[in-house]
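Counting with UniProt numbering, you get residues 1 to 174 for the letters of the sequence shown. Read the structure below first, then the notes.
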Amino acid sequence: MPVIIDSQNFKKVVAQFNYAGELVNKQARIQIDCVICREKLLGITNPSLSQLNDNEHERYAVLPLCGHAFGYDCLRNWLNTGSRECPLCRTPTECGKYHKLDLTICGIKGDATSQASDIRKIRQALQGCHKCLYPPAKQKAALVQQQERFEEAQGRADLQERLEAMSQGWQNPY
């Protein structure tokens, strides 16, 4: 009996794919509907069993904090109403620092290569706010400089301690 993947929670869905973004169970069927409109399935399939069809499937996006997925247009319309919560579980759509939500549009093409790429992007997005995890280059450079200054100061402090110990006639503990 084939496995049917139908969860809106992509934290569970990505577990059905290997690291490369390919389905582990080659017989699994994917049937995930948009719970906002309930009119179409999300644009993710088992490419070896079925193809995307514009009449049945739609582009989709995954909310990174809770992992729930919706049709992209439905989710965009939901967010344009001013709501900043997941339509399904009410988890905030923004991190605690209120970084702008960046939605990746998935399911544009139905081929295996594009879908594997989508799965890898989703898996990365589910790790948390990208801006919190990976600060901008300028901020990262400032952190590196701060670390270098700290290490330099620590080195000077160690040297000063050694000089004081030597001047007092103590044995060098190093």
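Where a beta carbon is used, it is the ideal one built from N, C-alpha and C, also for glycine. These figures come from a predicted structure and were not determined experimentally.
- Counting along the chain, Ala116 sits inside the alpha helix (DSSP H) bounded by residues 112–125.
- Judged by beta-carbon spacing, Pro87 lies within the 7 angstroms limit of Ile36, meaning their Cβ atoms are closer than that value.
- The criterion of a C-beta distance shorter than 7 angstroms is not satisfied by Cys34 and Cys66.
- Residue Cys106 holds the alpha-carbon nearest to the alpha-carbon of Arg59 among Gln160, Cys106, Val3, Met166.
- The beta carbons of Ile30 and Asn55 sit no closer together than 7 angstroms.
- Inclusion of Gln8 and Ala69 in the CB contact set at 7 angstroms is warranted, their separation being smaller than that value.
- Nearest Cα to Asp118 within the set Met166, Gly82, Gln146, Leu23: Leu23.
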